[in-house]
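Shown next, in structure tokens, is the structure this report addresses.
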Amino acid sequence: MSFKGKKILLCVSGGIAVFKTAALTSKLYQTGAEVKVLMTDSATEFVTPLTFQTLSRNDVYRDTFEEKDPASVAHIDLADWADLVLIAPATANMIGKLANGIADDMMSTTLLATEAPIFVAPAMNVHMYDHPAVKKNMDVLRSFNCHFLEPGEGLLACGYVGKGRMAEPEDILSTLETYFQEDVGDLSGKKVIVTAGPTREAVDPVRYFTNYSSGKMGFALAEQAAKRGADVTLVAGPVTLTTPERVERIDVITAEEMYQAVLSASADANVIIKAAAVADYRPSMVSTEKMKKSDDDMVIEMERTKDILWTLGQQKKDQILVGFAAESERLDEYALKKLEKKNLDLICANNIKAVGAGFDKDTNVMTLLRKDGERVDLPLQSKHEAANRILDEVIRLDVTHS
Ligand code: CTP
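When we follow numbering that gives the first Met the number 0, the leftmost residue of the sequence shown carries the number 0, and every step to the right adds one.
Written as structure tokens, this is what we have:
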């Protein structure tokens, strides 16, 4: 069993089962997971934070107002950091708080702030477990897509016999293992770089050349690749889009900045998808002062920018290189020329005049042309669907490669 690289936030609320969670922490650490522990004050009455700190090899969190790092807000950082949150033991109180949106301590606040999947391992007295209020709260959590680790039956610490004993650490581990296995996508283990958006080339401090690219196609590709398990770096020109989950974003403005960012991230990339509309020319001189108009016409001298894809094509060994071609005529001919000239494996060609295609739309109509001559015509579909079809082709190319 290996949870290598998985970030697990272990939320320990107060019950006698905390002693089992100490064993669970140790086992999680041994599987390679990175574990951070968050305790309620009552949990610390059963087992000290030092025990969890030692077993997890990490600081233990418990107080919303004890900010260890002035540069960040700890409960939001923890909430964002986690790949998975496990509440073990989950008391009736903590289940009730989460079900009702109560955030009055660090744990309940973090639980509301996280977008990671939440696993709940209840532990309480049998009558509490059977109480309609607790049952209702658990149903609410199920409706929020929380996963439950059913408690076992037997002699409870309170002397009663019945259901309420926290699931055994081994059973919790095997449930998490199944979850992570199902979560592994077909791009898992692949490093993918995606570029998106336009670039902006300055003329003077108030003017620039750019194009109509919105970045939507590149952001859709980055989002879908991350969902399929890839380790994604998104190099984005100036756009107003939100960074997709689990995507590392590098913002750039000019073609030269994009060149530097892509080249320095490219060495260990398995796949590079250049959806950005990079400027081919920039003003040869950038005026440091605002240019004043005169009564005459104006000519601005332009120079070529570096072709990022062409450079990548020259130095590629085992990478899969995907380019884009936006054409208004002779789609196949022009796109295939680019494929060949830039040494690409795949080019996504779109006719910007087609209905539903083009800049700033949520849909696209594309033809995918492979270097082996195969072509795939994609119908009018959302940019997210088109992104998935492009990634399907990348997987097929990868299989052919290896
Ligand atoms: N590209 C690049 N670096 C540049 C320019 C373009 O990496 N300086 C990439 C784009 O990201 C896209 C592909 O190359 O994947 C587009 O090819 P290109 O020949 O530049 O297309 P156009 O700019 O449309 O060129 P043309 O005017 O020849 O149609």
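For glycine and all other residues, C-beta sits at the position ideal for the given N, C-alpha and C.
This one's a predicted model, so the numbers in the text were calculated from it and none came from an experiment.
Query: Sequence ranges, beta strand (DSSP E) only - wholly within the region 289 to 323, length at least 3; Result: 301 to 303
Query: Buried versus exposed call for Lys336 [16 or more other C-beta atoms within 10 Å across all chains shown]; Result: exposed
Query: Residue environment, Pro204, which counts as buried when at least 16 other CB atoms sit within 10 Å; Result: exposed
Query: Burial state of Val298, where buried means 16 or more other Cβ atoms lie within 10 Å; Result: exposed
Query: Strand pairing of His146, partner residues [DSSP]; Result: Phe118
Query: Supposed contact pair Thr109 and Leu37 - C-beta distance, whole angstroms, cut 8 Å; Result: 6 Å
Query: Endpoints, alpha helix (DSSP H) assigned at Ala221; Result: Lys215 to Lys226
Query: Between the CA atoms of Ile346 and Leu338 - distance to the nearest angstrom; Result: 6 Å
Query: The region 305 to 325 contacting the region 284 to 291, beta-carbon criterion three pairs below 8 Å; Result: no
Query: DSSP state of Asp230 mapped onto helix, strand, coil; Result: strand
Query: Under the three-state DSSP convention, the category Ala42 falls into; Result: helix
Query: Contact the region 120 to 133 vs the region 150 to 158: 3+ CB pairs below 8 Å; Result: yes
Query: Check: Ile389 C-beta below 8 Å from any heavy atom of the ligand PLP; Result: The ligand PLP is not part of this structure, which contains only the ligand CTP.
Query: Touching by the beta-carbon criterion (3+ pairs, under 8 Å), the region 247 to 264 and the region 193 to 210; Result: yes
Query: Ile75 CB to nearest heavy atom of the ligand CTP below 8 Å; Result: no
Query: Check whether Ala32 and Ile7 have beta carbons under 9 Å apart; Result: yes
Query: Cβ neighbours of His146 in the same chain (closer than 8 Å, five flanking residues each side left out); Result: Pro116, Ile117, Phe118, Val119, Thr174 and Tyr178
Query: Beta-carbon proximity list for Asp104, same chain, < 6 Å, skipping 5 on both sides; Result: none
Query: Exposed unless 16 or more other CB atoms sit within 10 angstroms - verdict on Val354; Result: exposed
Query: Three-state secondary structure (DSSP) of Ala132; Result: helix
Query: Closer than 8 Å: Val393 CB and nearest the ligand CTP heavy atom; Result: no
Query: Gly163 to Ala132 span [Cα, whole Å]; Result: 15 Å
Query: Simplified DSSP state of Thr113, which is helix, strand or coil; Result: coil
Query: Sequence-distant residues of the same chain with beta carbon closer than 6 Å to Arg388, five excluded per side; Result: Leu377
Query: Beta carbon of Pro121 nearer than 9 Å to that of Ile101; Result: no
Query: Per DSSP, cross-strand counterpart(s) of Ala235; Result: Ala195 and Asp250
Query: Residue closest to Phe45, alpha-carbon to alpha-carbon, out of Val34, Lys370, Phe18 and Asp331; Result: Phe18
Query: N-terminal and C-terminal residue of the alpha helix (DSSP H) that Asp331 is part of; Result: Leu330 to Lys340
Query: Residues sharing a beta bridge with Asn387, DSSP; Result: DSSP output for Asn387 lists no bridge partner at all.
Query: Burial state of Ser187 (16 or more Cβ within 10 Å); Result: exposed
Query: Touching by the beta-carbon criterion (3+ pairs, under 8 Å), the region 243 to 252 and the region 220 to 232; Result: yes
Query: Cα-Cα separation, Met0 to Asp79; Result: 25 Å
Query: Contact under 9 Å by Cβ, Lys352 with Ser327; Result: yes
Query: Cβ separation of Pro48 and Val59, assumed to be a contact under 8 Å, to the nearest whole Å; Result: 4 Å
Query: The beta strand (DSSP E) enclosing Tyr280, as first and last residue numbers; Result: Tyr280 to Pro282
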